[in-house]
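Protein chains: 2
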Amino acid sequence: MTGTIYLVPNLLGTVPPSHALPQRTIDIARSLIHWVVETPKPARAFLKTLDVATPIANLDLRTFPPAPTSKNLTTLLAPAREGHDVGLLTDAGCPGIADPGAAVVAAAHSAGIRVVPLVGPSAVLLALMASGMNGQSFAFHGYLPVKPDARTQALRAVEADSRAHRRAELFIETPYRNVAMLEAISQALNPATLLCVAADLTLPSETIERRTAAAWRDHDIGRFAKRPALFVMQAC
Amino acid sequence: MTGTIYLVPNLLGTVPPSHALPQRTIDIARSLIHWVVETPKPARAFLKTLDVATPIANLDLRTFPPAPTSKNLTTLLAPAREGHDVGLLTDAGCPGIADPGAAVVAAAHSAGIRVVPLVGPSAVLLALMASGMNGQSFAFHGYLPVKPDARTQALRAVEADSRAHRRAELFIETPYRNVAMLEAISQALNPATLLCVAADLTLPSETIERRTAAAWRDHDIGRFAKRPALFVMQAC
Numbered sequence: 052m053t054g055t056i057y058l059v060p061n062l063l064g065t066v067p068p069s070h071a072l073p074q075r076t077i078d079i080a081r082s083l084i085h086w087v088v089e090t091p092k093p094a095r096a097f098l099k100t101l102d103v104a105t106p107i108a109n110l111d112l113r114t115f116p117p118a119p120t121s122k123n124l125t126t127l128l129a130p131a132r133e134g135h136d137v138g139l140l141t142d143a144g145c146p147g148i149a150d151p152g153a154a155v156v157a158a159a160h161s162a163g164i165r166v167v168p169l170v171g172p173s174a175v176l177l178a179l180m181a182s183g184m185n186g187q188s189f190a191f192h193g194y195l196p197v198k199p200d201a202r203t204q205a206l207r208a209v210e211a212d213s214r215a216h217r218r219a220e221l222f223i224e225t226p227y228r229n230v231a232m233l234e235a236i237s238q239a240l241n242p243a244t245l246l247c248v249a250a251d252l253t254l255p256s257e258t259i260e261r262r263t264a265a266a267w268r269d270h271d272i273g274r275f276a277k278r279p280a281l282f283v284m285q286a287c
Numbered sequence: 052m053t054g055t056i057y058l059v060p061n062l063l064g065t066v067p068p069s070h071a072l073p074q075r076t077i078d079i080a081r082s083l084i085h086w087v088v089e090t091p092k093p094a095r096a097f098l099k100t101l102d103v104a105t106p107i108a109n110l111d112l113r114t115f116p117p118a119p120t121s122k123n124l125t126t127l128l129a130p131a132r133e134g135h136d137v138g139l140l141t142d143a144g145c146p147g148i149a150d151p152g153a154a155v156v157a158a159a160h161s162a163g164i165r166v167v168p169l170v171g172p173s174a175v176l177l178a179l180m181a182s183g184m185n186g187q188s189f190a191f192h193g194y195l196p197v198k199p200d201a202r203t204q205a206l207r208a209v210e211a212d213s214r215a216h217r218r219a220e221l222f223i224e225t226p227y228r229n230v231a232m233l234e235a236i237s238q239a240l241n242p243a244t245l246l247c248v249a250a251d252l253t254l255p256s257e258t259i260e261r262r263t264a265a266a267w268r269d270h271d272i273g274r275f276a277k278r279p280a281l282f283v284m285q286a287c
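Those sequence lines, one after another, are chains B and S.
Numbering-wise, the first sequence is residues 52 to 287 according to this note's numbering.
Numbering-wise, the second sequence is residues 52 to 287 according to this note's numbering.
Here it is, written out as structure tokens:
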């Protein structure tokens with residue numbers, strides 16, 4: 052009898068767990084001893100916040116590498132094969148969504164281990180919901196290219212995609228490049244294309260603004276500097 | 052000073068609210084008097100489960116039509132313009148995601164009303180996380196066509212999209228057509244294409260299975276009949 056792998060969403064910043072995690076997610080995470088985590092330090096900080104039942108030092112924390120080999124995956128999932136429940140945790144948000152961890156989940160399916168996703172915060176989902184754009188049809192692209200020419204080209208391709216499929220298009224940028232991204236967007240896109248920026252989601256400093264590419268040109272975008280943000284775009 | 056519109060996720064079925072909603076979501080929903088809802092009956096049932104502070108009969112519930120006019124939207128958001136906080140609620144899951152409600156959010160942005168998305172269950176997000184497929188790049192297509200030929204064509208187009216962009220592709224089907232959809236998938240797709248079916252998410256009967264299109268042919272698919280399900284596909 053194998054154990055279950057629980058996919059445990061992490062908080063998106065420093066907020067009380069009850070702010071963004073259901074009691075069921077908290078209760079299950081508190082009870083687990085075996086963990087597969089992206090980075091041990093933030094994992095321990097999260098588990099401490101949750102006030103887990105077992106002393107942190109006695110937990111079995113195994114770190115998954117960015118591109119795990121099948122040998123890595125066998126070791127990571129050994130406790131689950133032996134009948135123990137295991138938690139999968141990344142540094143922020145939902146494992147495997149705009150975040151690593153999917154390879155561990157795929158390996159669990161292959162090994163016949165039951166996979167149970169728990170409810171918690173996802174910046175992608177919250178940004179889309181808050182954008183008021185098309186949530187019946189949307190695409191998430193992860194990071195766009197960094198070099199200015201390639202970025203402009205990618206932004207225009209995404210915009211063309213949005214127009215062709217009448218769908219919302221989401222992407223992310225590392226916080227210290229947010230301002231460069233916003234400048235590129237306001238210049239590259241059709242003036243009427245809608246852009247929503249959602250920064251610091253679930254945190255007290257949460258900021259969600261939606262306007263046309265043209266209107267973004269007239270706004271102070273410096274205030275988005277160095278804040279984790281999602282970009283949601285829809286062409287008209 | 053305008054109010055705030057809170058986007059309140061509804062439960063995905065009959066479970067205790069603490070199972071799928073953070074305490075913050077429950078506390079905010081309990082305190083609201085003004086609501087914009089998809090359907091009054093399930094809205095009242097949800098608010099009763101939450102044990103809201105105000106007697107249900109005294110709540111201001113306004114129903115949003117499937118395609119609200121700008122006059123409808125003005126009426127729906129009147130309490131927020133007058134300074135009251137308002138909750139937006141659909142019949143299941145997150146407002147605006149695989150669900151109506153986006154037009155209300157868009158109108159709130161236009162009226163300068165603050166939009167705050169609350170954490171809760173989304174079948175799309177949970178299915179993607181549990182699929183172990185590519186959550187760094189994915190697309191959600193809503194419903195595919197119903198007629199067999201058009202459905203097969205759409206499935207193959209989505210599969211080609213997945214192969215070209217190396218991304219996960221998600222879609223839904225009305226529960227009573229799940230079995231027909233699974234049969235179509237197992238016949239239409241490349242035998243090696245991966246398909247994950249996630250049914251009854253967050254409920255005690257939750258079932259999540261992932262295998263190749265070829266392997267689905269040998270499985271009893273009848274047990275997915277009439278259960279709300281998400282389909283996640285990835286071509287190899």
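Glycine is no exception: its CB is placed at the ideal position from the N, C-alpha and C atoms.
The structure displayed is predicted, hence computed values, not measured ones.
- In the DSSP annotation of this structure, the continuous segment of the beta strand (DSSP E) that includes V137/S starts and ends at 137 to 140.
- For R81/S, no Cβ of chain B is located within less than 8 angstroms of the residue's own Cβ.
- By the beta-carbon neighbour count (other beta carbons within 10 angstroms, threshold 16), I148/B is buried.
- Within the stretch 134 to 167 of chain S, those residues whose Cβ lies closer than 9 angstroms to any Cβ of chain B are, in chain order, C145, P146, G147, I148, A149, D150, P151, G152, A153, A154, V155, V156, A157, A158, A159, H160, S161, R165, V166, V167.
- Look at V103/S here: in three-state DSSP terms it is coil, with no helix or strand label.
- Assigned with DSSP and collapsed to three states, G193/S falls in strand.
- The C-beta of G186/S comes closer than 8 angstroms to at least one C-beta of chain B.
- Scanning chain B for C-beta atoms nearer than 7 angstroms to the C-beta of H70/S yields P73, R75, reported in chain order.
- Contact annotation: the stretch 204 to 219 of chain S does not touch the stretch 195 to 208 of chain B, with fewer than three C-beta pairs closer than 8 angstroms.
- The CB of T253/S comes closer than 8 angstroms to the CB of V170 in chain B, given here in chain order.
- For the stretch 252 to 277 of chain B, the set of positions with a beta-carbon nearer than 9 angstroms to some beta-carbon of chain S reads L252, T253, E257, I259, E260, R261, R262 in chain order.
- If you check the CB distance, T225/B and G64/B do not come in under 8 angstroms.
- Contact of G193/S with chain B by beta-carbon distance below 7 angstroms involves Q187, S188.
- Contact between the stretch 187 to 197 of chain B and the stretch 158 to 168 of chain S is absent: fewer than 3 CB-CB pairs across the two stretches fall below 8 angstroms.
- A249/B and N241/S have their C-alpha atoms roughly 38 angstroms apart.
- Runs of the alpha helix (DSSP H) lying entirely within the stretch 147 to 189 of chain S and spanning at least 4 residues, in chain order: 153 to 161, 174 to 182.
- Inter-segment contact for the stretch 133 to 152 of chain S and the stretch 138 to 148 of chain B is absent: fewer than three beta-carbon pairs are separated by less than 8 angstroms.
- Cβ contact annotation for Y227/B (same chain, cutoff 8 angstroms, sequence separation greater than five): A276, K277, in chain order.
- Only residues of its own chain outside the window of five on either side were considered, and among them A154 have a CB closer than 8 angstroms to the CB of A118/S, listed in chain order.
- Just so you know, the alpha carbons of G273/S and V230/S end up roughly 6 angstroms apart.
- Per the C-alpha coordinates, the member of E89/B, Q204/B, A243/B, L195/B positioned closest to D150/B is E89/B.
- Put simply, the backbone Cα of R202/S is about 15 angstroms away from that of M284/S.
- Closest by C-alpha distance to I84/B, out of P93/B, H135/B, V59/B, is H135/B.
- Within a 10 Å sphere around the beta-carbon of N61/S sit 16 or more other beta-carbons, which makes this residue buried.
- Scanning its chain for C-beta atoms nearer than 7 angstroms, with the 5 sequence neighbours on each side dropped, one finds around P116/S the residues N123, in chain order.
- By the 16-neighbour rule on beta-carbons within 10 angstroms, P68/S is buried.
- Residue-level contact by beta carbon fails for G54/S and chain B, as no gap is shorter than 8 angstroms.
- Rounded to the nearest whole angstrom, the CA to CA distance from L110/S to P91/S is 11 angstroms.
- At least one beta carbon of chain S lies nearer than 8 angstroms to the beta carbon of M180/B.
- Residue contact check for L110/B against chain S: no CB pair falls below 8 angstroms.
- Following the DSSP letters along the chain, one finds D111/S in no alpha helix (DSSP H) but inside the beta strand (DSSP E) bounded by residues 111 to 114.
- The beta-carbon distance between R75/S and L101/S, rounded to whole angstroms, is 13 angstroms. This is too long to meet the 8 angstroms contact definition.
- Beyond the five residues adjoining it in sequence on each side, A235/B comes within less than 8 angstroms, by CB distance, of P199, R202, T203, L206 in the same chain, given in chain order.
- Contacts between S173/S and chain B, judged by CB atoms closer than 9 angstroms, involve V170, S173, L176, M180 in chain order.
- Here M52/B is exposed: its Cβ has fewer than 16 other Cβ atoms, across all protein chains shown, within 10 Å.
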